[in-house]
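Plus 167 on top of the position in the sequence shown (first one is 1) and you've got our numbering.
Virtual Cβ for every residue (Gly too), placed ideally from N, Cα, C.
Computed from a prediction, not measured in an experiment: that's the story for all the values here.
The next block holds one structure in the form of structure tokens; read it before the comments.
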Amino acid sequence: MATVNKLTLRREHKSATVELTALNREMALRMITLANETGEILPLIEAVEAMRTAEEFYSPDTAQIEDARVQKKLGDVLLNIGKNEEDMCAIDAAISAYRGAITISSMLGAQNLRAETRKSYALALNYAGKGQRDRSLSLMGAA
């Protein structure tokens, strides 16, 4: 009997996780639309935060490649805004979105999306002044 209850709870947890990620993904897409209509970046940043919050519930069984694609898209939009308007909040949110996309694509074995996102992530880090050159300098200073 206890095994049946555990199995039922696992199924319900998986189902709720899938539903939560789908809702967060839908909300993120709507926030992108809202940001395009209003020119505000706050909805995009909130969408990144919502998508990243859901990551703690991901597993290989519940993560979906669409979540990674949405986070990559959020990162791309925020990076463009950050570059064009010199907005560090947008660039920092892009970095967070890219990290989420990399995590999910790695979990699912989506190597092409992961490689593409890593390039964008490196670009965002460079714009934030946290690029490869800065890391090598700090390593030299620590030695």
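When burial is assigned at 16 or more other CB atoms within 10 Å of the CB, is residue i buried or exposed?
i, result
"Q278", "exposed"
"S312", "Residue 312 is absent from the model: the chain starts at 168 and stops at 310."
"T270", "buried"
"R281", "buried"
"G276", "exposed"
"G249", "buried"
"L241", "buried"
"G206", "exposed"
"L211", "buried"
"G296", "exposed"
"R177", "exposed"
"R192", "buried"
Could you have a look at residue i and say whether DSSP puts it in helix, strand or coil?
i, result
"G242", "helix"
"E213", "helix"
"A230", "coil"
"E186", "helix"
"E204", "helix"
Leaving out five residues on either side along the sequence, give the residues of the same chain with a beta carbon under 7 Å from the beta carbon of residue i.
i, result
"M159", "Because the chain is modelled from 168 through 310, residue 159 falls outside the range shown and cannot be assessed."
"D259", "A295"
"L201", "P210"
"S263", "V215 and R219"
What does a CB cutoff of less than 6 Å around residue i pick up in its chain, not counting 5 residues either side in sequence?
i, result
"L190", "none"
"S272", "A235, L280 and R281"
"L290", "none"
Keeping to the same chain, check which residues put their C-beta closer than 8 Å to that of residue i; ignore five residues upstream and five downstream.
i, result
"E283", "K239"
"D254", "I208 and I248"
Examine chain C for any beta-carbon lying closer than 8 Å to the beta-carbon of residue i, and answer yes or no.
i, result
"A260", "Looking for chain C here will not work: only one protein chain is present."
(message) For the structure I just gave you, are there three or more beta carbon pairs, one from the region 243-252 and one from the region 209-216, closer than 8 Å?
(response) By the C-beta criterion, the region 243-252 is judged to be in contact with the region 209-216, since at least 3 inter-stretch pairs fall below 8 Å.
(request) Tell me the start and end of each unbroken beta strand (DSSP E) in the region 249-302 that is at least 3 residues and wholly inside, in chain order. (result) Correct list: empty.
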